[in-house]
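Asker:
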Amino acid sequence: MERINRSRYIRSSVHLTESMTLDNTNADTVPANVLVEAATMTVDDSVTLTIEEGKTVIPDAYNIFG
């Protein structure tokens, strides 16, 4: 992770190399926020990230949970 200048923003990333589905079986059965422990997420060309209804993906841009 790298702090950008004197801001609270932390440059960090995660690399998704396998397909993933966020749904009621792995992200709770109610509307849910799924926190990514990085500011950016890179998804490989041959990989899919499916975010089903009621799920929201939020990047941790300020490293709150890091």
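In the numbering used here, the protein residues as written are 7 to 72. Quick reminder that beta carbons are idealized off the backbone N, C-alpha and C, glycines included.
On the three-state DSSP scale, how would you describe Ala33?
Answerer: Ala33 falls in the coil class under three-state DSSP.
Asker: Tell me the DSSP secondary structure of Val53 in three-state form.
Answerer: coil
Asker: If you check the beta carbons only, do Ile70 and Val42 fall under 8 Å apart?
Answerer: Val42 is positioned such that its CB atom lies no closer than 8 Å to that of Ile70.
Asker: Once you ignore the five residues that flank Thr54 on each side, which residues in its own chain have a CB closer than 7 Å to its CB?
Answerer: Ser25
Asker: Nearest-angstrom Cα distance between Pro37 and Gly60?
Answerer: If I take the Cα positions, the gap works out to 4 Å.
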